[in-house]
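Undergrad: Protein sequence lines, in the order shown, are assigned to chains A and B.
Mapping to the working numbering: the first sequence position 32 is 32, numbers consecutive.
Mapping to the working numbering: the second sequence position 60 is 60, numbers consecutive.
Glycine is no exception: its CB is placed at the ideal position from the N, C-alpha and C atoms.
Sending over a structure as structure tokens; questions will come in a sec.
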Amino acid sequence: MQQDNVHINEHELVNQLLAGQPLAQQLAYDKYAAALYSLVLQIVGDTDTANNIIVNLFSYLFTHVQEFQSSGYNTLFSWLYRKARELAVNHSLSITSNSSQATSLTRQNLGAIQRFASTLNEAEQLVFKLSYFNGLPLSAIAKLMGKEEKEIDLILKSAMINFRKYISTHWI
Amino acid sequence: MDLKNYISSGIIESYVLGLATPDEERELEKMRRLFPEINTEIDAVERSVERLAFAEAVMPPMETRSRVVQRIEWNEGYNNTKTGSNTNFYNINLNGDHQNSITVHKWWRIAFVSLVVLSKIFLFLAILYYLKFKQIAEQAAQTPAKVEQQQVQQSSVR
């Protein structure tokens, strides 16, 4: 790898990805794969599936990087983070729908998001986990918990307010 | 809507984590166009989540990197072939036309070749035996005529 490609800023990296530069593609993998792999592992729970999702994620990045520009995200990582979570959750949903384990919350390891979730009250914790880790829509969570969708929405909003407080005290 | 309350409602965090509904996302897009402060806030939350993710990063196995690099090289080879800058690459479409083609086990090839060879052998034998049968039939037809001819010749000699 060329030395001048190693320390390029994100804007330049995106431009090179848009141009389909193979070195930029390798650099993007080296820069982001580990952080995204950790997220995917927390959701899917097994390394083989996580490896496949990471390969698919970066293939998606290389072929759809232009979508990042219109995504509304400021950083490439945030866009990839969202995409990685989507792929992992979609995989988990297909597994759980096949094995009828829609409420399984056992796959997550103790990551930072999990540690945040453990600070929430019981209802917030359950709604947040079902939404973030299991990817269930509010309507499905409402049905599962026997509550109104609006009530679930309020619980999730409350969890997000707590998340805001949590990151302001822990990660900023 | 009060900007401070909107920002502290957790909508930005919800958006960054990918939990916002499409309606909430549309509303946020509208708000960030009206209030640049929201964009600054989104940027701050994105960077916080990025720091969080990097703090607990787990390196994927080297095999995963090799698979990604392999795909990059394939794409590079494909692009070079398209532009004609490198004619040493051939592209094989592994995702064929599923509507008009079928996939069978490789043993069917052996079975098909055996069937063709056997059919050729049987055809050859059929022609061979047909010719032999025809020859014998002709001989059999000629034999009584010859015997009669010999008898006539013998009786005329006497």
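Could you name the residues of the same chain whose beta carbon sits closer than 6 angstroms to that of Trp79(A), not counting the 5 residues immediately before and after it, in chain order?
TA: Closer than 6 angstroms at Cβ, skipping near neighbours: Phe68, Ser71, Tyr73.
Undergrad: For the alpha helix (DSSP H) holding Met145(A), just list the boundary residues, first then last.
TA: First-last of the alpha helix (DSSP H) with Met145(A): 138–145.
Undergrad: How far does the alpha helix (DSSP H) with Thr47(A) in it extend, from its first residue to its last?
TA: First-last of the alpha helix (DSSP H) with Thr47(A): 47–64.
Undergrad: Using a Cβ cut-off of 7 angstroms (strictly closer), state whether Ile72(B) contacts chain A.
TA: Yes, Ile72(B) lies at the interface with chain A (some Cβ there is under 7 angstroms from its Cβ).
Undergrad: From the DSSP output, in three-state form, read off Asn134(A) for me.
TA: Reduced to three states, the DSSP call for Asn134(A) is coil.
Undergrad: Could you have a look at Lys106(B) and say whether DSSP puts it in helix, strand or coil?
TA: Note: Lys106(B) maps to coil in three-state DSSP.
Undergrad: Helix, strand or coil for Glu56(B) per DSSP?
TA: Here Glu56(B) sits in coil by DSSP.
Undergrad: Could you pull out every residue in the same chain whose Cβ sits closer than 6 angstroms to the Cβ of Ile7(B), ignoring the five residues on either side in sequence?
TA: Once the five neighbours on either side are set aside, the close Cβ partners of Ile7(B) are Glu41.
Undergrad: Quick one: give me the first and last residue of the alpha helix (DSSP H) that Asn5(B) is part of.
TA: Where Asn5(B) is concerned, the enclosing alpha helix (DSSP H) stretches over 3–7.
Undergrad: Whose C-beta lies closer than 8 angstroms to the C-beta of Ala33(A) among residues of the same chain, with five residues either side of it excluded?
TA: Answer for Ala33(A): Ile54, Phe58, listed in chain order.
Undergrad: Does any residue of chain A have a CB that is nearer than 7 angstroms to the CB of Thr64(B)?
TA: At least one chain A Cβ lies under 7 angstroms of Thr64(B).
Undergrad: Return helix, strand or coil for Phe122(B), following the three-state DSSP convention.
TA: Of the three classes helix, strand and coil, the one that applies to Phe122(B) here is helix, per DSSP.
Undergrad: Answer yes or no: do Ser131(A) and Leu28(B) have a C-beta to C-beta separation smaller than 7 angstroms?
TA: Contact flag unset, no.
Undergrad: Quick check on this structure: which residue in Ala140(B), Ile136(B), Arg109(B), Glu76(B) has the alpha carbon closest to the alpha carbon of Gly20(A)?
TA: Answer by Cα proximity: Glu76(B).
Undergrad: Should the segment 58–65 of chain B be called in touch with the segment 44–51 of chain A, which here means at least 3 C-beta pairs below 8 angstroms?
TA: Yes, since at least three Cβ pairs between the segment 58–65 of chain B and the segment 44–51 of chain A fall closer than 8 angstroms, the two stretches touch.
Undergrad: Applying the 10 Å Cβ sphere with the 16-neighbour rule, what's the burial state of Ser156(B)?
TA: Counting Cβ neighbours within 10 Å, Ser156(B) comes out exposed, since fewer than 16 surround it.
Undergrad: Mind pulling the chain A residues with CB within less than 9 angstroms of Val244(B)?
TA: The structure shown does not extend to residue 244(B), since chain B is modelled only from 1 to 158, so the question has no answer here.
Undergrad: Using the Cα positions of Leu154(A) and Tyr60(A), report the straight-line distance between them to the nearest angstrom.
TA: Whole-angstrom Cα-Cα distance: 34 angstroms.
Undergrad: Along the chain, where does the alpha helix (DSSP H) containing Ile8(A) start, and where does it finish?
TA: From DSSP, Ile8(A) is part of no alpha helix (DSSP H); its letter is neither H nor E.
Undergrad: Do you know offhand how far Gln108(A)'s Cα is from Asn121(A)'s?
TA: At Gln108(A) the pLDDT is 48, less than 50, meaning the model places this residue with poor confidence; the figure from the coordinates comes in the next sentence. Their Cα atoms are separated by approximately 18 angstroms.
Undergrad: Buried or exposed, going by whether 16 or more other CB atoms sit within 10 Å of the CB of Gln42(A)?
TA: Burial call: buried.
Undergrad: Mind listing which residues of the segment 42–66 of chain B have their C-beta closer than 9 angstroms to chain A's C-betas, in chain order?
TA: Under the 9 angstroms Cβ criterion, the segment 42–66 of chain B contributes Ile42, Asp43, Ala44, Val45, Glu46, Arg47, Ser48, Val49, Glu50, Arg51, Leu52, Ala53, Phe54, Ala55, Glu56, Ala57, Val58, Met59, Pro60, Pro61, Glu63, Thr64, Arg65.
Undergrad: Quick one: measure Cβ to Cβ for Ala35(A) and Phe54(B), integer angstroms, because I've assumed they're closer than 8 angstroms.
TA: At roughly 5 angstroms, the Cβ-Cβ gap stays under 8 angstroms, so Ala35(A) and Phe54(B) are in contact.
Undergrad: Got a sec: is the Cβ-Cβ distance from Met1(A) to anything in chain B below 7 angstroms?
TA: Unreliable positioning characterises Met1(A) in this predicted model, as indicated by a pLDDT of 41, which lies under 50. A coordinate reading is not provided.
Undergrad: Buried or exposed, going by whether 16 or more other CB atoms sit within 10 Å of the CB of Lys150(A)?
TA: Its Cβ having fewer than 16 others within 10 Å, Lys150(A) is exposed.
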